[in-house]
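Going line by line, the protein sequences match chains X and H. Numbers 1 to 352, taken from UniProt numbering, label the letters of the first sequence in order. Numbers 1 to 314, taken from UniProt numbering, label the letters of the second sequence in order. Even glycine gets a Cβ: it sits at the ideal position worked out from N, Cα and C. Take a look at the structure below.
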Amino acid sequence: MDIVNEILEREQKKADKYKPITVEKHLELEFDLGSLLASDTNDLDIKTLKTNKDSYLLALTRDNAQLLLNKVWELPTERIEEAIVVRLPQPTTILPRAKPVPVPKPLTKWQEFAKAKGINKKKKDKLQWDEQLQKWVPLYGFKKTAAEKEKNWLIEVPQNLDPMTDMYEKKAGEKSEKVAKNELQRLKNLARAKKVKIPRVGLPVTSDKASATQLSTAASVAKASTASLGKFQDKLPKEKEARGKGVHELIPGKERKRKAPIPTPAAEKEYNLNLLDNILSKRPKIDMDKAVAKSINEEEVKRSHEKKNMKPGLGKRKTQGKGNATNFSAKKPKAGKGKRAPNKKSTGRKRR
Amino acid sequence: MPVLQRIKKPTTRKGKKVLLSKEPKPIEGPKQSIFLQGRNPSERTRKLLKDIYDLKKPDAAYLSRKNDFVPFEDSSLIEKLCYKKEAALFGVGSHSKKRPHNIVLGRTFDYGILDMIELGAEEYKAMSEFHNIKVLAGSKPCLLFNGPAWELNQDLKRLKSLFSDFFHREKVETIRLQGLEHVLSFTATDDGLIYFRSYRISLKKSGQRTPRVELEEIGPSIDFKLRRTKLASDDLYKEACKIPREMKPIKKKNISRDAFGTKHGRIHMGKQDINRLQTRKMKGLKKTTEEKKKILLQKKKDKKAAKQKQHVEV
């Protein structure tokens, strides 16, 4: 027993040497170990705070810091590069962000379609070998334009076109039309993303109030939008029909153009000659590949027909007795190619 | 008719990079802060902001020029500067007869003011007046909020959030135990006084694994008085506190734990086809050829029906 008491005493002495790490508190502190934060909701001692401010605050903070660090020391530790670290839990205090949460960009109409159909974007090479120019030509950019210019120093006018057409002008027109279409689609995508209502044709109304001409046009169109094209609709006193550029075409039943005046004989003659010329200049195009294939096919059909009708040669044919003459093919009959179906009667090679 | 404006695109690669870096991200880094001077800053406010700037240093900028503006009346300058410096926190110092030694602390959301709280520095002792060893710059401090007032007063509640936003530095996964050496203490009384104290921790032996904590004041020590506030509306604050989907933990379905910590899982199984169950093989139970044929025919029929059904669906 003496030994036990001695050891206990020694331990007691050892413990007395150190100051305690425990702190008594009325109410428990709230900890947020993730952000190393503790909040003490115990009432403050106002009197001591007034008289002995700094020492009171130091003591209070020490106690709370001790409690916080006690909690931190309880967390699981790790060793990373000779240093003991603790893994902190997720912080519980939610702090506001600096910027809003990003929202994914809305897809364009094409992207939506491609996604639905599973179409993936293929990457094109930035440079492509041009056989005609014998050099590498970029996919786009000024060097591509220069290469195009070099290649198209002459453009053939197709047979069905007027021989006096300027093909360069035509090409430029096509290009500018493509650009305009692309721009329109871009704007439509933008409107779709912002959920702006736009008409299917024409330009959107920007101001919330329509103009007088727009309103009168709308009234005229509405009036004419009956089965009888507005013939039996009542009229207001002093009502005027909408007029202006492009209005006429909008009103149903009024698409017809004014009758052209009777042409002079010379003009009529020229018109008819032009028409005739146009028809005569339309020459059929010859597709060489198709023509060649057609002729080859015809020849083959003819040959096979001859072969069928030919009388069999004398003694030359190696017959297998019950073999069918029409069912003959040069290929060796094959077995089931590894797929065996025991229930199926397959016509395999006969084994002996 | 005005045409929809084309989106202004950056002309240089570098400009594009800058714009990309300014775009909102789901997981944000530490917030940057700026400290600037208002109209007639006093020596005290200037020093005080410098001290806070020193505490925040890698993520802060100190603008020394005086600006003739009042944050509570016109916040456009702050918003502009926050946009320029990519900052979300700001501190403004000013001095007037009505509001001596005035410090305005605040934060922005989406480059607009979120919260703004005005504090008067009634008493102040600079960091340089404490002659001792300071803590390592950039270390994560422990934040202590003392007093019941932090929870009871609505303004103080927001100020607590603002202080932790200012001083928590950044979210970390792990922390070195020996690196815990700085404590910031905020003590609030009911009469609107806030005592800001900063201490250095020294860890002493306690005879156990957990050490005993001893503190030494290193400054700054400030006694704040709460003045005007301009807090965000609940809607805006809620919007700002939104957690992105990437940060939310993914919930695993059908797994639960009971009171003893045992893991329970729920499994969904399809219906078992008893007719096709292979039981013990015996000679007497063998199928005759006719039976086999019948089964085969049935199978074929089923297959055909399934195929037709698929066709119809397509």
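Which chain H residues are close to residue i, counting only those with a beta carbon under 8 Å from its beta carbon?
{"i": "Ile119/X", "result": "What Ile119/X touches in chain H: nothing, since even the nearest Cβ is about 19 Å away."}
{"i": "Gln66/X", "result": "Arg212, Val213"}
For residue i, count neighbouring Cβ atoms within 10 angstroms of its own Cβ and tell me buried if that reaches 16, exposed if not.
{"i": "Ile286/X", "result": "exposed"}
{"i": "Tyr199/H", "result": "buried"}
{"i": "Phe142/X", "result": "exposed"}
{"i": "Gly138/H", "result": "exposed"}
{"i": "residue 382/H", "result": "The first residue shown for chain H is 1 and the last is 314, placing residue 382/H beyond what the model contains."}
{"i": "Pro263/X", "result": "exposed"}
{"i": "Arg283/X", "result": "exposed"}
{"i": "Gln208/H", "result": "exposed"}
{"i": "Leu277/H", "result": "exposed"}
{"i": "Glu181/H", "result": "buried"}
{"i": "Phe260/H", "result": "exposed"}
{"i": "Val213/H", "result": "buried"}
{"i": "Met269/H", "result": "exposed"}
{"i": "Gly321/X", "result": "No answer about Gly321/X holds up, because its pLDDT of 48 lies below 50 and its placement is not dependable."}
I want to verify the contact list: residues of chain H whose CB lies under 9 Å from the CB of residue i, in sequence order.
{"i": "Glu78/X", "result": "Thr174"}
{"i": "Tyr18/X", "result": "Lys204, Lys205, Ser206, Gly207, Gln208, Arg212"}
Beta carbon of residue i, beta carbon of residue j: below 8 Å?
{"i": "Asp165/H", "j": "Leu226/H", "result": "no"}
{"i": "Val247/X", "j": "Thr217/X", "result": "yes"}
{"i": "Asn42/X", "j": "Lys19/X", "result": "no"}
{"i": "Leu144/H", "j": "Asp40/X", "result": "yes"}
{"i": "Leu68/X", "j": "Cys142/H", "result": "yes"}
{"i": "Glu173/H", "j": "Leu88/X", "result": "yes"}
{"i": "Met127/H", "j": "Ile250/H", "result": "no"}
{"i": "Thr187/H", "j": "Asn153/H", "result": "no"}
{"i": "Arg44/H", "j": "His101/H", "result": "yes"}
{"i": "Pro100/X", "j": "Glu239/H", "result": "yes"}
{"i": "Ala224/X", "j": "Ile251/X", "result": "yes"}
{"i": "Leu48/H", "j": "Ile103/H", "result": "yes"}
{"i": "Ile3/X", "j": "Thr189/H", "result": "no"}
{"i": "Ala121/H", "j": "Ile222/H", "result": "yes"}
{"i": "Ile194/H", "j": "Leu215/H", "result": "no"}
Measuring only the C-alpha atoms, how far is residue i from residue j?
{"i": "Pro30/H", "j": "Gln134/X", "result": "56 Å"}
{"i": "Arg192/X", "j": "Ser220/X", "result": "30 Å"}
{"i": "Thr48/X", "j": "Gln90/X", "result": "37 Å"}
{"i": "Glu177/X", "j": "Gln233/X", "result": "42 Å"}
{"i": "Leu159/H", "j": "Cys241/H", "result": "16 Å"}
{"i": "Gly38/H", "j": "Lys50/H", "result": "14 Å"}
{"i": "Gly230/X", "j": "Ala242/X", "result": "14 Å"}
{"i": "Gln272/H", "j": "Phe113/X", "result": "40 Å"}
{"i": "Ile198/X", "j": "Ala212/X", "result": "20 Å"}
{"i": "Gly179/H", "j": "Gln128/X", "result": "59 Å"}
{"i": "Glu123/H", "j": "Ser42/H", "result": "13 Å"}
{"i": "Ile175/H", "j": "Ala65/X", "result": "16 Å"}
{"i": "Pro104/X", "j": "Thr108/H", "result": "23 Å"}
{"i": "Asp125/X", "j": "Met167/X", "result": "29 Å"}
{"i": "Gly265/H", "j": "Pro138/X", "result": "59 Å"}
{"i": "Tyr271/X", "j": "Ser281/X", "result": "15 Å"}
{"i": "Leu44/X", "j": "Arg197/H", "result": "16 Å"}
{"i": "Lys263/H", "j": "Ile255/H", "result": "7 Å"}
{"i": "Glu6/X", "j": "Lys17/X", "result": "17 Å"}
{"i": "Leu4/H", "j": "Ala180/X", "result": "Residue placement at Leu4/H cannot be trusted, given a pLDDT of 48 that sits under 50; the coordinates are not used to answer."}
{"i": "Val23/X", "j": "Ala149/H", "result": "22 Å"}
{"i": "Lys170/X", "j": "Ser295/X", "result": "38 Å"}
{"i": "Leu20/H", "j": "Leu190/X", "result": "20 Å"}
Could you list which residues in chain H have their beta carbon closer than 7 Å to that of residue i, in chain order?
{"i": "Asn189/X", "result": "Chain H residues near Asn189/X: none, gap ~11 Å exceeds 7 Å."}
{"i": "Ser39/X", "result": "Phe145, Trp150"}
Which whole-angstrom value is the C-beta distance of residue i and residue j, which I expect to be below 8 Å?
{"i": "Met247/H", "j": "Ile27/H", "result": "7 Å"}
{"i": "Asp32/X", "j": "Thr92/X", "result": "5 Å"}
{"i": "Asn113/H", "j": "Ser75/H", "result": "Looking at the sequence shown, residue 113/H is not Asn but Ile. So it is a contact: roughly 5 Å between Cβ atoms."}
{"i": "Lys125/H", "j": "Pro220/H", "result": "7 Å"}
{"i": "Phe72/H", "j": "Arg228/H", "result": "6 Å"}
{"i": "Val85/X", "j": "Glu74/X", "result": "Not quite, the Cβ-Cβ distance comes to about 14 Å (not below 8 Å), so this is no contact."}
By the criterion of Cβ-Cβ separation under 7 Å, what are the contact partners of residue i in chain X?
{"i": "Tyr195/H", "result": "Leu57"}
{"i": "Arg227/H", "result": "Result: empty, since nearest Cβ-Cβ is about 21 Å, beyond 7 Å."}
Run down chain X in chain order and give the residues with a C-beta less than 8 Å from the C-beta of residue i.
{"i": "residue 320/H", "result": "There is simply no residue 320/H to check, as chain H begins at 1 and stops at 314 in what is shown."}
{"i": "Ser164/H", "result": "Ser35, Leu37, Thr93, Leu95"}
{"i": "Ile117/H", "result": "Going along chain X, no residue has its Cβ under 8 Å from Ile117/H, so there is no contact; the nearest lies around 14 Å."}
Kindly list, in the order they appear in chain X, the residues whose Cβ is closer than 9 Å to that of residue i.
{"i": "Ser161/H", "result": "Thr93, Ile94, Leu95, Pro96"}
{"i": "Glu79/H", "result": "Within 9 Å Cβ-Cβ: nothing; Glu79/H doesn't reach chain X, min ~13 Å."}
{"i": "Val183/H", "result": "Thr61, Arg62, Asn64, Ala65, Leu68"}
{"i": "Ala88/H", "result": "Pro96, Arg97, Ala98, Lys99"}
{"i": "Glu28/H", "result": "Arg97, Ala98, Lys99"}
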